[in-house]
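Have a look at the structure below before the remarks.
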Amino acid sequence: EKLQEEYNTTLWLFERHMLMHKLAAAYFGFRAYWFHFIPQILITSTVSILGFLTTGELDPDPDQDLEQPSSEYNETAGDVLDDGTEFVGLEKNSWALSLTIGILGAVAGFINAIGKWKNYQSRYDMHLSATRALDKITKTVVFEQRTFERKKMELDLQSSTEEDQGVQFDLRQLGVDLKTHQASFEAMLDACQSDIPTQIEEMFVLLHELMIHKDYGEFQEQDYRYHMHLLSTKICYYRLWPFRMERIDVHKRLSKEYESYLENDNSFQNTTKKLKAKFLRTSEDEIPKASGSARPSSSSATDV
4 EKLQEEYNTT LWLFERHMLM HKLAAAYFGF RAYWFHFIPQ ILITSTVSIL
54 GFLTTGELDP DPDQDLEQPS SEYNETAGDV LDDGTEFVGL EKNSWALSLT
104 IGILGAVAGF INAIGKWKNY QSRYDMHLSA TRALDKITKT VVFEQRTFER
154 KKMELDLQSS TEEDQGVQFD LRQLGVDLKT HQASFEAMLD ACQSDIPTQI
204 EEMFVLLHEL MIHKDYGEFQ EQDYRYHMHL LSTKICYYRL WPFRMERIDV
254 HKRLSKEYES YLENDNSFQN TTKKLKAKFL RTSEDEIPKA SGSARPSSSS
304 ATDV
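Per our numbering, residue 4 is the first one in the sequence shown, and the count goes up by one each step.
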């Protein structure tokens, strides 16, 4: 019983952290892609195009007669000021393009600095790695838990002492494997240096505390994993996720689920009671008929 309880607790812990890291990976991955990668690509492409245009405008036209008077030259390229100096229109455009390139370069540098400060890509990689490792170890624990339940049933049915000892050895080995998985889990958490977003962590911790400390009985044992996955699904199906998170009242939702569970349980019990009462009434009605039909046969036997 103690090992069974430890399996349940360990499985809850592994799945809770797996779901939190999975949501955190989606959260940081979205920001790394849309807030850092895409803006950098767009700005770099724009600067490259503008730089090409600027270079093309500054190159002299080989067909242009350089000894042409400035007044004639300005008819096609620019203006002549009153003092006789020439201000070519192409140079105006080149100056504007150069200023635009400088501004875009400054914006790109600012975005790059913010990206390094927030470190979205590295945090996404860490949470994604933790999710894959936790998913693998969770599946292993689920398989071993089912093996434990099967071995426990075999232990209850064993009649031979040798077979009994073999099953007990297997159960002890499962306990050792569980300790190994717990140590691996702690190592995974230490390896992930990125914190889970506060809002995600608070919702799952609140759900855990409500399920553990409130007296939910069978509802607690059967539906804890279900409610963890339900909370994760609720977060993922929000239309603005992962740009922003929906504000979910975990306590309110859990209370409604528990009330619905109690209503269904009471309805099931009432239905069972009605069927049982109906069965008893039917049995009572059939007893007199059976006894009444037996009386003539006994009297006829007496007459004979």
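Where a beta carbon is used, it is the ideal one built from N, C-alpha and C, also for glycine. Everything numeric in this text was worked out from a predicted model, so none of it was measured.
Rounded separation between Leu181 and Ile52 - CA only: Answer to the nearest angstrom: the Cα atoms are 59 Å apart.
Grab me the residues of Leu131's own chain with a C-beta within less than 6 Å of its C-beta, minus the 5 sequence neighbours each way, in chain order. Ala28, listed in sequence order.
Which same chain residues end up closer than 8 Å to Val253 when comparing Cβ atoms and leaving out the 5 residues on each side of it in sequence? The residues are Met206, Leu209, Leu210, Leu213 and Leu234.
Coarse secondary structure for Arg242, derived from DSSP in three states: Here Arg242 carries a coil assignment [DSSP, helix/strand/coil].
Residues near Leu102 by beta carbon distance below 8 Å, same chain, minus five either side: Excluding sequence neighbours, Leu102 sits near nothing in its chain.
Could you tell me which of Gln185, Gln43, Arg247 and Leu14 sits nearest to Thr201, measuring between CA atoms? It is Arg247 whose Cα lies nearest to the Cα of Thr201.
Can you say whether Glu70 is buried or exposed, counting buried as having 16 or more other CB atoms within 10 angstroms of its CB? Per-residue confidence for Glu70 stands at a pLDDT of 48, beneath the threshold of 50, marking its modelled position as unreliable; the derived number appears in the next sentence. Exposed, by the Cβ-count rule.
Pick out whichever of Leu45, Ile41, Ser97 and Ala116 has its Cα sitting closest to the Cα of Phe55. Closest option to Phe55, Cα to Cα, is Ser97.
Could you work out which residue in Ile117, Met156 and Arg19 is closest to Pro42 when comparing CA atoms only? The shortest C-alpha separation from Pro42 is found at Ile117.
Give the range of the alpha helix (DSSP H) segment to which Gln196 is assigned. Careful: Gln196 lies outside any alpha helix (DSSP H) and carries neither H nor E.
Sufficient close CB pairs (3 or more, under 8 Å) joining the region 146-160 to the region 101-115: No, the region 146-160 is not in contact with the region 101-115.
Grab the span of the alpha helix (DSSP H) containing Phe17 for me, first residue to last. For Phe17, the enclosing alpha helix (DSSP H) starts and ends at Lys5 to Arg34.
Given that a residue counts as buried once 16 or more other Cβ atoms are within 10 Å of its Cβ, and exposed if not, what is Cys195? Sixteen is the threshold: when 16 or more other Cβ atoms of the shown chains lie within 10 Å of the Cβ of Cys195, as they do, the residue is buried.
Compare the C-alpha of Tyr123 against each of Ser197, Leu6 and Tyr229 and name the closest. Sorting Ser197, Leu6 and Tyr229 by C-alpha distance to the C-alpha of Tyr123 places Ser197 at the top.
Can you check whether the CB of Phe17 is closer than 9 Å to the CB of Ile140? Going by C-beta atoms, Ile140 is nearer than 9 Å to Phe17.
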